[in-house]
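Below is one structure, written out as structure tokens; the observations come after it.
Right under this line is the structure:
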């Protein structure tokens with residue numbers, strides 16, 4: 001402002017003094033010494049810790065946080081840096097040093113050393129603040145944690161066992177659950193996993209770990225559970241009791257694509273839909289769809305177990321039909337995030353071709369997918385032999401055929417088989433001798449086909465790129481229609497340190513399960 005008015009202004013300058021040690025010109029400070037002379041006179045890192053020991057468990061990659069807590073940390077992670085600096089904080093407070101910055105210095109993983117470059121500030125000589133960096137070396141001392149030492153001494157020394165069961169004739173639910181467990185790391189603390197005839201057993205070294213696992217399963221599927229305990233040992237003098245805990249978890253027998261005849265009580269809670277409905281999705285609730293009206297409803301675990309009905313027909317009883325004619329009768333409807341179109345269709349069983357002229361006029365919810373000449377899988381209620389008391393009440397009112405999904409099996413057979421471009425991870429588990437591995441392999445292959453056909457099924461699982469896959473010059477288009485496959489954009493990069501499960505061609509990889 002003074003310059004604009006033409007007034008004379010005095011230029012502000014910073015005064016300088018000579019260092020009392022070396023005599024160089026410098027800006028004045030409380031000590032009247034330059035930085036080099038201050039550092040030669042005072043070492044602010046004196047008394048600070050420069051070498052410490054980290055107790056490390058080589059089996060589970062965790063570190064001991066005194067007195068008895070073990071924390072799982074990755075090398076050069078933010079969490080490990082915080083863990084290391086906490087070991088220095090008390091010593092810094094005693095020496096009145098302030099932490100300014102810290103970063104890792106790279107070391108070979110096998111060197112058993114973690115090096116951190118630390119910058120600190122401290123007041124010296126009449127209020128002058130000096131900053132200095134120094135190196136702190138942490139030596140990893142291997143020592144097995146309590147849980148790992150128990151497992152090493154005796155692999156069967158478990159405290160909590162979770163027995164996961166579903167009373168159905170297939171393993172689709174367990175194939176799907178396996179992928180959810182792997183994605184969320186729910187079984188990371190399991191010391192042993194065993195595949196049983198109707199389920200999987202998980203063993204943990206702590207009751208709390210078993211409880212957390214049961215809670216996770218309850219969030220992804222409708223279950224009911226009970227727990228029991230057995231006294232193993234008792235110390236009379238110290239009144240210490242050692243128990244083994246068993247959690248029995250039963251998963252609802254209702255699975256995706258099952259056909260259900262709803263009992264009146266369950267239908268009433270859903271607004272009187274049905275009684276013939278299709279299960280379209282299973283999470284912690286069961287999604288049901290009436291294929292003739294497109295009405296839908298959801299049953300949570302508590303509502304289901306109060307009525308506890310079973311499936312009328314399951315996906316293993318699907319029959320192949322050919323669509324002779326189809327005409328949509330409604331506009332597109334979105335139900336639970338999935339598109340449906342109600343249509344009138346005329347279908348015939350593929351097995352009847354050349355034998356008889358039986359045809360069925362039905363309503364279907366797949367009007368947006370099917371066209372004349374397509375094949376579809378559905379349930380044959382016309383000739384099905386069922387012992388369902390609820391179904392007998394509706395004789396004369398139930399449909400003869402209920403279509404479930406479009407079929408691509410014939411087109412797959414015409415296309416030359418080739419490996420898939422993706423893989424799945426698998427749980428490392430033992431296999432009980434009663435398990436039929438050929439049946440498991442066949443069901444797993446069908447699960448992989450379901451993943452290709454159903455984008456909604458892929459949404460909650462992780463698919464990995466198959467680095468051994470070689471793209472074929474032969475197109476996957478048959479009769480002008482592209483076969484369902486997993487888009488490359490949905491695949492994750494393959495990690496070398498993960499055990500990956502192939503597309504089902506290797507029988508040795510059939511030791512795990514999911515929906």
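Residue numbers (full-length UniProt numbering): 1 to 515.
Where a beta carbon is used, it is the ideal one built from N, C-alpha and C, also for glycine.
Pull the bridge partners of residue 98 from the DSSP assignment, please. In the DSSP assignment, the residues bridged to residue 98 are 121.
Is the CB-CB distance between residue 187 and residue 125 below 8 Å? With a cutoff of 8 Å on beta-carbon distance, residue 187 and residue 125 are scored as not near each other.
Nearest by alpha-carbon distance to residue 388: which of 304, 215 and 313 is it? When only C-alpha atoms are compared, the closest one is 313.
Quick one: what's residue 62 bridged to in DSSP? Assignment of beta-bridge partners to residue 62 by DSSP yields 57 and 72.
For residue 193, is the classification buried or exposed, using 16 other Cβ atoms within 10 angstroms of its Cβ as the cut-off for buried? By the Cβ-count criterion, residue 193 is buried, with 16 or more other Cβ atoms from all chains shown falling within 10 Å of its own Cβ.
Whose C-beta lies closer than 7 Å to the C-beta of residue 450 among residues of the same chain, with five residues either side of it excluded? Beyond the five residues adjoining it in sequence on each side, residue 450 comes within less than 7 Å, by CB distance, of 457 in the same chain, given in chain order.
If you follow the beta strand (DSSP E) that residue 517 is part of, which residue opens it and which one closes it? Only positions 1 to 515 of the chain appear in this structure, which leaves residue 517 out of reach.
Give the straight-line distance between the Cα atoms of residue 62 and residue 82, rounded to the nearest whole angstrom. Cα to Cα, the separation comes out at about 14 Å.
Tell me which residues share the same chain as residue 246 and place their Cβ nearer than 6 Å to its Cβ, disregarding the 5 neighbours each side in the sequence. Residues 161 and 228 of the same chain have their beta carbon placed closer than 6 Å to that of residue 246, with the five preceding and five following residues left out of the count.
Return the Cβ separation of residue 286 and residue 252 in integer angstroms, given the expectation that the two are a contact with Cβ distance under 8 Å. Confirmed, about 7 Å.
Tell me whether the beta-carbon of residue 358 lies closer than 8 Å to the beta-carbon of residue 348. A Cβ-Cβ contact shorter than 8 Å links residue 358 with residue 348.
Residue 263 (DSSP reduced to helix, strand or coil): When secondary structure is reduced to three states using DSSP, residue 263 falls in the coil class, being assigned neither helix nor strand.
Write down every uninterrupted run of the beta strand (DSSP E) in the stretch 145-188 whose length is 3 residues or greater and which is fully enclosed by it, in chain order. Runs of the beta strand (DSSP E) lying entirely within the stretch 145-188 and spanning at least 3 residues, in chain order: 160-165.
Check the C-beta distance from residue 139 over to residue 53 and give it rounded, since I have them as a contact under 8 Å. The pair is a contact, with the Cβ atoms about 5 Å apart (cut-off 8 Å).
Cutting at 7 Å between CB atoms, please list the residues of its own chain near residue 480, excluding the five before and the five after it. Caution is warranted here: a pLDDT of 49 is assigned to residue 480, below 50, making its placement in the model unreliable, and the coordinate value is therefore given only provisionally. Closer than 7 Å at the Cβ level, and outside the excluded window around residue 480, lies no residue.
Assign residue 27 to one of three DSSP states: helix, strand, or coil. Reduced to three states, the DSSP call for residue 27 is coil.
Could you tell me which residues DSSP puts in a beta bridge with residue 133? Under DSSP, residue 133 forms a beta bridge with 119.
Would you list, in sequence order, the uninterrupted alpha helix (DSSP H) runs of no fewer than 4 residues that lie entirely inside the stretch 387-463? Segments of the alpha helix (DSSP H) lying fully in the stretch 387-463: 389-392, 409-414, 437-453 and 455-458.
Check each candidate in 274, 383 and 306 and name the one with the smallest Cα separation from residue 262. Of the candidates 274, 383 and 306, the one whose C-alpha sits nearest the C-alpha of residue 262 is 274.
Going by the beta-carbon positions, is the gap between residue 39 and residue 132 smaller than 8 Å? One thing to note: residue 39 has its Cβ within 8 Å of the Cβ of residue 132.
Residue span of the alpha helix (DSSP H) that contains residue 306, given as start and end: Counting along the chain, the alpha helix (DSSP H) containing residue 306 begins and ends at 301-307.
Helix, strand or coil, according to DSSP, for residue 519 in the structure here? With the chain running from 1 to 515 in the structure shown, residue 519 is simply not present.
Does residue 109 pass the burial test, meaning 16 or more other C-beta atoms within 10 Å, or should it be called exposed? Exposed.
Among residues of its own chain, excluding the 5 on either side of residue 371, which ones have a beta-carbon nearer than 8 Å to its beta-carbon? Scanning its chain for C-beta atoms nearer than 8 Å, with the 5 sequence neighbours on each side dropped, one finds around residue 371 the residues 323 and 326, in chain order.
From this set, 421, 436, 447 and 440, which residue's C-alpha is nearest residue 492's C-alpha? Looking at the Cα atoms, 421 is the closest of the given residues.
By a C-beta neighbour count over all protein chains shown, 10 Å radius and 16 as the cutoff for buried, is residue 214 buried or exposed? When all chains shown are included, residue 214 counts as buried.
From the DSSP output, in three-state form, read off residue 225 for me. Three-state result, residue 225: strand.
Going straight from the alpha carbon of residue 397 to that of residue 443, what length do you get? C-alpha of residue 397 to C-alpha of residue 443: approximately 34 Å in a straight line.
Cα separation between residue 288 and residue 446? If I take the Cα positions, the gap works out to 23 Å.
Taking residue 44 as part of the beta strand (DSSP E), name the residues at either end of that continuous run. Counting along the chain, residue 44 sits inside no beta strand (DSSP E), nor does DSSP assign it H or E at all.
Taking DSSP as the reference, what is the three-state secondary structure of residue 207? If DSSP states are grouped into helix, strand and coil, residue 207 belongs with the helices.
Considering residue 246, what are the terminal residues of the beta strand (DSSP E) in which it resides? In the DSSP assignment, residue 246 falls within the unbroken beta strand (DSSP E) covering 240-251.
DSSP state of residue 489 mapped onto helix, strand, coil: Of the three classes helix, strand and coil, the one that applies to residue 489 here is helix, per DSSP.
Name, in chain order, the residues that DSSP records as bridge partners for residue 319. Residue pairing from DSSP places residue 319 in a beta bridge opposite 378.
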